[in-house]
Amino acid sequence: MLVNVSGHANEKGACIAIKDAAFPAPFVSGLEYNAPSRGTWNIVHVGMLIPKSHQIYVCAANCLRGVVLTAAEMGTLDRFSTIAVQENNVLEGNMEELIIEGVSDILEKLPQKPPAVLIFTACIHHFMGCDFELVYSELRKRYSDVAFVDCYMDPIMRKSGLTPDQKMKRQLYDILEPMEINKKSINIIGNNIPIDESSELIRIIRENGYELKDITLCKTYNEYLKMAESCVNISCLPVVIPGGDYLQEKLGQKHLHLPLCYGFDEITENLNTLNEYLGLSKKQYKDEKLSALNALKEAKEVIGDAKISIDYTAVPRPCELARLLVENGFNVDRIYVDSFTEWDKTDFNWLVKNKPEMKVYATVHAKMRLLNRKCDEKSLAIGQKAAYFTGSEYFVNIVEGGGMYGFDGIVKLAGLMKEAFTFQKDVRTLIQMKGLGCDCLL
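Counting in UniProt numbering, the final residue of the sequence shown is number 442, and the numbers go up one at a time with none missing.
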């Protein structure tokens with residue numbers, strides 16, 4: 001039966017009051033819509049964080065389109081190559097030969113061999129049972145001076161085992177080999193955007209004489225390799241946990257997961273976990289908490305009772321940020337998230353009890369293409385998807401927390417909220433730019 005997909009649709013199936021939402025999956029999985037908000041980083045952006053590395057994508061021509069455009073937009077086509085999988089490769093079963101000879105041909109034609117090559121294989125290689133062990137063994141034999149990293153562009157594996165994001169965050173550090181541990185060196189791993197120097201976390205590290213290493217700060221390949229000497233890896237995003245655990249086992253580096261969060265008690269606990277590990281005294285952070293509360297109060301005076309929307313690409317814990325804002329008098333009207341994580345549970349339950357009418361919207365449900373995206377009144381959006389779906393020109397343009405962390409991060413976020421509510425932005429132009437903040441790679 002033909003169905004009219006033009007015009008506006010009702011919200012059923014794509015929106016639900018949080019009091020009625022199932023946890024952790026409030027929406028039925030099905031045909032998906034991809035909103036034109038491009039600020040989140042993809043595998044090309046993330047792979048380029050390894051200085052002087054070269055990326056090679058092995059997949060069908062149609063799959064190459066997106067990654068080629070990303071590299072072109074970044075101006076990094078000189079660090080990017082492709083190998084097209086064609087029908088004859090499937091029929092003849094020569095996938096291994098195609099990768100080995102294709103990569104070899106690319107390396108021989110480059111003006112200078114890169115120190116590291118990230119090879120991205122695709123879904124078709126899973127279907128064909130490609131022998132990756134043979135492929136990488138032969139390549140390492142031919143090019144012993146090049147570090148090869150097996151990476152993946154396989155969306156079919158999104159709901160089986162590690163997600164593509166988790167695998168990419170792990171493989172980003174796979175090149176690192178055990179070194180003598182430097183007890184005065186600390187890594188922050190898995191972030192695409194460096195944490196602000198003014199944050200309490202960074203200040204603890206620097207003010208106590210520790211060297212900070214972060215792939216986002218590495219300018220040379222040797223600086224990246226020296227991350228292997230650090231005594232501890234700090235991760236702040238949940239997708240980095242498998243990678244941190246992997247490095248703890250491989251390199252003997254302690255893994256501390258100190259999540260980017262918005263609850264005062266948990267922020268204090270995270271900071272004191274680091275203090276305790278470094279042999280420092282625990283702190284109550286009274287002044288920092290007061291500064292955060294004052295910043296939120298000032299933002300509330302500007303924003304008033306205007307509706308606020310939050311999306312999951314802006315912050316890793318939208319429920320927790322929503323709770324913080326509601327506790328401080330803000331009118332959080334909706335959050336945009338397709339599913340919740342285990343870290344959302346406590347704050348989700350709090351919102352069910354204290355803000356039961358708050359709406360939860362999907363971002364990938366097919367109906368989201370058709371729902372009304374016009375604001376009837378001035379509202380504030382936190383995140384690009386929230387700005388797109390509400391049509392608000394008053395939005396905080398960040399992804400993955402925007403480098404803000406701890407109480408200092410809350411102060412800065414409150415400042416951005418005030419600024420965003422005061423000055424309009426060109427939403428259409430801003431959200432179409434891929435990889436917000438990736439200019440740090442150039």
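A virtual CB, placed ideally from N, CA and C, is assigned to each residue, including glycine.
Quick one: is residue i buried, meaning 16 or more other Cβ sit within 10 Å of its Cβ, or exposed?
i: residue 422; result: exposed
i: residue 384; result: buried
i: residue 284; result: exposed
i: residue 134; result: exposed
i: residue 32; result: exposed
i: residue 243; result: buried
i: residue 464; result: Limits of the chain in this structure are 1 at one end and 442 at the other, which puts residue 464 out of reach.
i: residue 316; result: buried
i: residue 121; result: buried
i: residue 112; result: exposed
i: residue 127; result: exposed
i: residue 429; result: exposed
i: residue 258; result: buried
i: residue 109; result: exposed
i: residue 86; result: exposed
i: residue 26; result: buried
i: residue 444; result: With the chain covering 1 to 442 only, the question about residue 444 has no answer from this structure.
i: residue 167; result: buried
i: residue 185; result: buried
i: residue 396; result: buried
i: residue 281; result: exposed
i: residue 297; result: exposed
i: residue 169; result: buried
i: residue 318; result: buried
i: residue 345; result: exposed
i: residue 252; result: exposed
i: residue 219; result: exposed
i: residue 161; result: exposed
i: residue 309; result: buried
i: residue 452; result: This structure cannot speak to residue 452, because the chain is shown only from 1 to 442.
i: residue 131; result: exposed
From the DSSP output, read off the bridge partner residues of residue i.
i: residue 362; result: BP columns for residue 362 are empty, so no partner.
i: residue 16; result: 360
i: residue 335; result: 310, 360
i: residue 32; result: 365
i: residue 9; result: DSSP, once it has assigned bridges, lists no residue as partnering residue 9.
i: residue 381; result: 309, 395
i: residue 55; result: 80, 118
What are the start and end residues of the beta strand (DSSP E) that includes residue i?
i: residue 307; result: 307-311
i: residue 80; result: 80-84
i: residue 49; result: Taken as a continuous stretch (DSSP letters only), residue 49 belongs to no beta strand (DSSP E), as it is neither H nor E.
i: residue 443; result: Here the chain covers residues 1 to 442 and nothing more, so residue 443 does not appear.
Just curious, the alpha helix (DSSP H) that residue i is in, first and last residue?
i: residue 121; result: Taken as a continuous stretch (DSSP letters only), residue 121 belongs to no alpha helix (DSSP H), being part of the beta strand (DSSP E) at 116-122.
i: residue 98; result: 95-109
i: residue 386; result: 384-390
i: residue 345; result: 345-354
i: residue 68; result: 61-74
i: residue 91; result: 87-92
Any alpha helix (DSSP H) of 4 or more consecutive residues that is wholly inside the segment 395-432: Correct list: 406-422, 427-431.
The segment 424-436 in contact with the segment 38-45 per 3-pair CB rule at 8 Å: Result yes; three or more Cβ-Cβ pairs closer than 8 Å.
In chain order, each alpha helix (DSSP H) run of at least 4 residues that lies wholly inside the segment 143-222: Contiguous alpha helix (DSSP H) elements confined to the segment 143-222 occur at 164-171, 200-207, taking only those with 4 or more residues.
Completely contained alpha helix (DSSP H) runs for the segment 231-289, where each covers 4 or more residues: If one requires a minimum length of 4 residues, the alpha helix (DSSP H) runs lying completely within the segment 231-289 are 241-251, 264-277, in chain order.
The segment 272-279 / the segment 200-219 touching (three or more Cβ pairs under 8 Å): Taking one beta carbon from each stretch, the segment 272-279 and the segment 200-219 have 3 or more pairs nearer than 8 Å; the two touch.
contact_flag[the segment 71-79, the segment 164-183] where n(CB pairs < 8 Å) is 3 or more: Contact between the segment 71-79 and the segment 164-183 is not established, with fewer than three Cβ pairs separated by less than 8 Å.
Touch test, the segment 228-243 against the segment 168-179, Cβ-Cβ under 8 Å, three pairs minimum: Look at the beta carbons and you see the segment 228-243 touching the segment 168-179: at least three pairs across the two are nearer than 8 Å.
Three or more C-beta pairs below 8 Å linking the segment 378-392 and the segment 327-342: The segment 378-392 makes contact with the segment 327-342; the number of CB pairs closer than 8 Å reaches 3 or more.
The segment 7-27 / the segment 410-424 touching (three or more Cβ pairs under 8 Å): Segments in contact, no.
Meets three-Cβ-pair contact criterion under 8 Å: the segment 45-61 and the segment 82-102: Short answer: they touch.
Stretch pair the segment 260-267 + the segment 399-409: three plus CB contacts closer than 8 Å: Segments in contact, yes.
Stretch pair the segment 363-378 + the segment 304-315: three plus CB contacts closer than 8 Å: Inter-segment contact for the segment 363-378 and the segment 304-315 is present: three or more beta-carbon pairs are separated by less than 8 Å.
Sufficient close CB pairs (3 or more, under 8 Å) joining the segment 246-257 to the segment 296-303: Verdict: no, contact absent.
Touch test, the segment 371-383 against the segment 287-297, Cβ-Cβ under 8 Å, three pairs minimum: With the rule of 3 Cβ pairs closer than 8 Å, the segment 371-383 does not count as touching the segment 287-297.
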